[in-house]
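Note that the working numbering numbers the sequence shown so that position 50 is 97, with each residue one more than the last.
For glycine and all other residues, C-beta sits at the position ideal for the given N, C-alpha and C.
Computed from a prediction, not measured in an experiment: that's the story for all the values here.
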Amino acid sequence: MEFPIRVVVYLKTDYQLKTRDTRELASATFFAPYDKTVEPYIRIETGDYEELVSERGKNDALWAILSSMAHEIIHYQQWLEDKEMDEKEAENGSEESLDSYYRFL
């Protein structure tokens, strides 16, 4: 996977984040500027980490955060390729990426 334009990832201590465009609550967001000279960024909430550890265990809690990050990275790739933000593609692509990562471990 290539990252020709830097994308910063912010880990926030919030429980949920508001999307910039619709102001909906989400666990992660990708800011896709119209101008490719403006730096994109990913925000991921981690406020429920301790609860997830209690409910699911440390590995699953970390996997949930990685899953959100992988999903937003697929949106980053869509943005690079000037494609529509496709949630189904992001879901499928993030699962494939995480499966690859898991096999690599």
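The residue from E102, H118 and P87 with its alpha-carbon nearest to that of A73 is H118. DSSP places L152 outside any beta strand (DSSP E), giving it a letter other than H or E. Counting along the chain, R70 sits inside no alpha helix (DSSP H), nor does DSSP assign it H or E at all. Here DSSP, grouped into helix, strand and coil, assigns K135 to helix. Listed in chain order, the non-local C-beta contacts of I52 below 8 Å within the same chain comprise K83, E86, P87 and L127, local neighbours out to five positions each way being set aside. In the assembly as shown, V55 is an exposed residue. Its beta-carbon has fewer than 16 other beta-carbons within 10 Å. Counting along the chain, the unbroken beta strand (DSSP E) around R90 starts and ends at Y88 to E92.
If the five residues before and after T93 are omitted, its C-beta is found closer than 7 Å to the C-beta atoms of L58, K59, T60 and I112, all from its own chain and listed in chain order.
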